[in-house]
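Residue numbers (the numbering used here): 66 to 121. Note that the Cβ used here is the ideal one computed from N, Cα and C, for glycine as well. Since the structure is predicted, the reported quantities are computational estimates derived from the model, not experimental observations. Quick notes on the structure that follows.
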């Protein structure tokens, strides 16, 4: 339906935006702070996107 397609696109866009924000995070002492948090958000958006795909 139109709603599920729209939600799928919204989650895809949010994942791309989050990946851009994450990749611009400054490196401190050779590592990125909050890497687990960033990965969790990105993975969560991917799970939501996959769930919407299954529903559609």
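Do you know offhand how far residue i's Cα is from residue j's?
i, j, result
"residue 67", "residue 94", "46 Å"
"residue 79", "residue 109", "11 Å"
"residue 117", "residue 85", "22 Å"
"residue 120", "residue 82", "24 Å"
"residue 111", "residue 98", "21 Å"
"residue 113", "residue 77", "9 Å"
"residue 69", "residue 75", "10 Å"
List the endpoints of the continuous alpha helix (DSSP H) containing residue i.
i, result
"residue 81", "67-88"
List the whole-angstrom C-beta distance separating residue i from residue j, where the pair is believed to meet the contact cut-off of C-beta under 8 Å.
i, j, result
"residue 107", "residue 87", "7 Å"
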